[in-house]
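FYI, in the working numbering the residues of the sequence shown are 8 to 99.
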Amino acid sequence: MLIMRSLTIALLLSICTYAWAGHSQNNGTCDDDILHYENMTVNNKRSDAPLYAKSQAMYELAKTMNTVRQCENYMAEALRMIKKTNGEYATE
Numbered sequence: 008m009l010i011m012r013s014l015t016i017a018l019l020l021s022i023c024t025y026a027w028a029g030h031s032q033n034n035g036t037c038d039d040d041i042l043h044y045e046n047m048t049v050n051n052k053r054s055d056a057p058l059y060a061k062s063q064a065m066y067e068l069a070k071t072m073n074t075v076r077q078c079e080n081y082m083a084e085a086l087r088m089i090k091k092t093n094g095e096y097a098t099e
């Protein structure tokens with residue numbers, strides 16, 4: 008009984024934490040991708056990324072898209088440009 012209660016609490020906490028992070032994708036809205044990008048770039052956190060300027064342009068372009076899919080595609084590319092993979096930023 009105690010184990011079941013602990014697992015339920017852990018599950019609820021993980022669901023709530025995931026929802027607050029704003030990092031889900033392909034959920035029918037581009038707002039979460041925009042929030043994720045803004046969280047990553049607040050106070051110029053990722054301005055040292057080689058593709059930072061291109062990423063900013065892609066972000067601005069994404070916000071003008073007419074469909075969610077287009078917006079999410081541009082945001083995915085903008086995020087890719089400023090994310091580190093194996094400790095390194097993307098370069099083209």
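By construction, the Cβ of each residue, glycine as well, lies at the ideal position given by its N, Cα and C atoms. All of these numbers come straight from a predicted model, not from anything done at the bench.
Residue i to residue j, Cα distance in whole Å?
| i | j | result |
| --- | --- | --- |
| residue 66 | residue 10 | 45 Å |
| residue 80 | residue 88 | 13 Å |
| residue 61 | residue 71 | 16 Å |
| residue 53 | residue 75 | 25 Å |
| residue 37 | residue 51 | 22 Å |
| residue 63 | residue 85 | 7 Å |
| residue 41 | residue 82 | 7 Å |
| residue 99 | residue 16 | 43 Å |
| residue 56 | residue 96 | 6 Å |
| residue 3 | residue 90 | No statement about residue 3 is possible, as the shown extent of the chain runs from 8 to 99 and does not include it. |
| residue 69 | residue 44 | 11 Å |
| residue 78 | residue 93 | 27 Å |
| residue 28 | residue 73 | Confidence is the limiting factor: at residue 28 the pLDDT is only 47, short of 50, which leaves the residue's position unreliable and the question unanswerable from this model. |
Tell me whether residue i sits in a helix, a strand or coil according to DSSP, three-state version.
| i | result |
| --- | --- |
| residue 67 | helix |
| residue 99 | coil |
| residue 61 | helix |
| residue 15 | helix |
Could you give the residue range of the alpha helix (DSSP H) that holds residue i?
| i | result |
| --- | --- |
| residue 42 | 38 to 48 |
| residue 72 | Element bounds for residue 72: n/a, residue is neither H nor E. |
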